[in-house]
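Last residue of the sequence shown? That's 957 in the working numbering, and every number before it is there in order. We treat Cβ as the ideally placed atom computed from N, Cα and C, and that holds for glycine. Data first, discussion second: the structure below is written as structure tokens.
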Amino acid sequence: MHRHRRGHVRSRHCHLVPGETARRVARHSDRGHRRQRQPPRGRSLQGDAGGRAGQPGEGRAVEAPEEIDFDLPVERAGSWSLRWERYAGRDVIPLWVADTDFRAPRGVLEALGARVRHGVFGYSLPPEELRSAIVERLAGRYGWRVEPSWIVFLPGVVSGLHVSARRLLAPDEHALVPTPIYQHFKRALELAPRPHTDIPLVLERGRWVFDFDVIKRTPARLAYLCNPHNPGGTVFTRAELVQFAQLTRDAIIVSDEIHCDLVLDPGAKHLPIASLSPEISRRTVTLMSANKAFNIPAAGCAWAVVEDPRLREAMSLDERAHAL
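Right, here's the structure in full:
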């Protein structure tokens, strides 16, 4: 059995079943449960919430109800784990893919259990309650006001990268990719195929940041962003995001923000780039997911937030392609 000692975090639940079951689980989860050996340590992520849809807000304090025990060992042998099965029988701790060895939050497990007990798994639509939960969460955690209609559901952020490369770029149009970067950014462009330029990040005072001079010299139709950055870990500041947006003012921005709920540096705050201004919001596709924060990558729970109707239509076309 592989044991991994970690600290403790508290996280609000993402409910995956519609109707009264989801509401009942949400009420139960909001009552919360705290382990007695450690006092509550809620931390404000930003200031007071505010702002209209597509406009910046300041966020509000978030005190999530459940504390997860990362010290609890979970044996994953026999669970068809992609990460562990690749090295089965070898003295290797695999860290090559971002899933983790802790159980999903209680509210998620209860909601999934309720859906399984129903016993019928036909084709389904995303429930309106899920749209509402996403809108509420973005406003509460980041002060970002979005409309439910802006949300396009995807089976994963990787699918969103592939769809954006194929649907938002013509074959002769150019993309910018900050590097090093999660492999599927470049893989999506190679398979599309679409031309791109690597924008190397530079190390400054222990942070991997943009080389703005290179961005300034390289015109493009689409600019990819990964914030918080994978693999560098940088949580880009407001000033850095503003400058990135200014230098790519003629480009569509596709921002992978899947790790936004996993900012561990108490001095850093995640800021969605689309929340900076209405102008930036109108040309941004923001890719997000519950998969990383709640450790449910096999559930296929991801979405794009897209204000502009034309970009939203492009990200929504050919639903079968989303399964690639």
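In its chain, beyond the 5 residues on either side, Leu787, Leu920, Ala937 have a beta carbon closer than 6 Å to the beta carbon of Gly793.
In this structure Asp941 touches Arg915 by the C-beta definition: roughly 5 Å separates them, less than 8 Å. Per DSSP, the unbroken alpha helix (DSSP H) holding Ser792 starts and ends at 790-800.
In terms of Cβ geometry, His807 and Pro828 form a close pair [threshold 8 Å]. Using a Cβ distance threshold of 8 Å, His817 and Pro861 do not count as a contacting pair. Secondary structure within the segment 909-952: the beta strand (DSSP E) runs of 3 or more consecutive residues, fully enclosed, are 917-922, 935-939 (chain order). Cβ neighbours of Ile726 within its own chain (closer than 6 Å, five residues either side excluded): none.
The criterion of a C-beta distance shorter than 8 Å is satisfied by Phe845 and Leu880. C-alpha of Glu718 to C-alpha of Gln876: approximately 43 Å in a straight line. In the structure shown, Arg838 falls within a coil segment according to DSSP collapsed to helix, strand and coil. One alpha carbon belongs to Leu904, the other to Cys859, and they sit about 12 Å apart. The beta carbons of Val779 and Val768 sit closer together than 8 Å. Assignment of His807 by DSSP, reduced to helix, strand and coil, places it in the coil class. Within 10 angstroms of the beta-carbon of Val810 lie 16 or more other beta-carbons, which makes it buried. Considering only Ala931, Ala821, Arg943, the residue with the shortest C-alpha distance to Arg716 is Ala931.
In this structure, the straight-line span from the alpha carbon of Tyr756 to that of Arg736 is close to 27 Å.
In the structure shown, Pro861 adopts coil according to DSSP, grouped into three states.
The segment 863-893 contains, as complete alpha helix (DSSP H) runs of 4+ residues, the segments 871-880 (chain order). Each residue's CA atom was taken as its position, placing Ile886 and Ile701 some 34 Å apart. By the neighbour-count definition (other C-beta atoms within 10 Å, threshold 16), Lys925 is a buried residue. For Leu822 against Ala853, the beta-carbon gap comes to about 11 Å, at or over 8 Å, which does not count as contact. For Leu763, the enclosing alpha helix (DSSP H) covers residues 761-775. For Glu780, there is no enclosing alpha helix (DSSP H), since its DSSP letter is neither H nor E.
With respect to Ser922, Tyr775 sits apart: the two C-beta atoms are not nearer than 8 Å. The residue among Leu763, Ala731, Leu728 with its C-alpha nearest the C-alpha of Ala744 is Leu763. The alpha-carbon of Ala872 is positioned some 26 Å away from that of Trp783. Exclusion of the five residues before and after Leu944 leaves Leu801, Ile885, Arg916, Val918 as the residues of its chain whose Cβ lies within less than 8 Å of its Cβ. One thing to note: Trp841 has its Cβ within 8 Å of the Cβ of Thr867. When DSSP states are grouped into helix, strand and coil, Asp702 belongs to the strand group.
Sequence-distant partners of Pro781 (beyond 5 residues in either direction) whose C-beta falls short of 6 Å from its own C-beta, in its chain, are Arg764, Val768.
For the options Pro813, Ala856, Arg723, Ser712, the alpha carbon positioned closest to that of Val835 is the one of Pro813.
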